[in-house]
Structure formats: structure tokens, C-alpha cells
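First up is the structure itself, then whatever we jot down about it.
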Amino acid sequence: MSKELHLDVSLERARALHRVWRALNDGDCPKCHKYHPATQMRRVLPYYPDAEVIGCPSCGFAVTQAEIEAIEEMFAPAMNAAVSIFEGWREERKASAATTEHTGEKP
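Just so we're on the same page, this note's numbering is the position in the sequence shown counted from 1, plus 442.
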């Protein structure tokens, strides 16, 4: 399985970009490292008047909607792989629970 998860440089870049925008969306500014509740992250900033953005109210670091969409497109293969792994894990848990339920053994 480790070979399947070996990441090439472009995927590492996509993961890094994804982490930046997701952190900002969650209220953790990746630039100034200040935390704000996600509801306080600014969604429209005066210096990006024509773009939908997520921005830090402390330092103004922002990511535009167009940047988010480009990042999501680059990151989609990694997320698809992660979902596949999760779904396999879920099925393993169901099978394990069904087996232990049938035999009366504790997991």
C-alpha cells in the first residue's frame, strides 16, 4: 500500500496548496498563524473587489474563488484516493463487526 501513497512532486504541491486554502477557510491563517473562528474569516475583501475570497482579518492574506477551484481540480485525484481508502476501511469495519456479532466474540 505504501507505493500507492507515494506522492510525486506535483501531488505534493497540490496537497500543500489545498492545506493553505483549507486552513484559511477553517480560521487558521497559514501566513500570520493567527486563529479566528471560521465565521470571522472575511469572505469579501476591499482589495479584491471583483473576486470572491476567503481572507484573514488580521493580515489580509487571501485566496480567491478562482484559486480555490484550480487547487481543488489539482487535488481531486488525491481526495478520490483518500475516499476510496476510507470506503475500504468502512467495509472492513462492517465485515469485522458482522463476524464478531455472528461469533459472539468481542472485537
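Cβ atoms here follow ideal geometry from the backbone N, Cα and C, with glycine treated the same way.
Pick from the options that is closest to residue i, judged by C-alpha positions
i	options	result
residue 481	538, 525, 459 and 467	467
residue 502	520, 508 and 485	485
Residue i, buried or exposed, once every other Cβ within 10 Å from all chains shown has been counted against 16
i	result
residue 471	buried
residue 542	exposed
residue 410	With the chain represented from 443 up to 549, any question about residue 410 goes unanswered, as that position is not in the structure.
residue 463	buried
residue 510	buried
residue 532	exposed
residue 525	exposed
residue 504	buried
Sub-8 Å separation of residue i and residue j beta-carbons
i	j	result
residue 516	residue 497	no
residue 499	residue 475	no
residue 493	residue 508	yes
residue 537	residue 456	no
Min CB distance residue i to chain D below 8 Å
i	result
residue 539	Among the chains of the structure shown, chain D does not appear; only one protein chain is present.
Where are the alpha helix (DSSP H) runs, 4 residues long or more, that stay fully inside the stretch 447-506, in chain order?
-> Taken in chain order, the complete alpha helix (DSSP H) segments of 4 residues or longer contained in the stretch 447-506 are 451-468.
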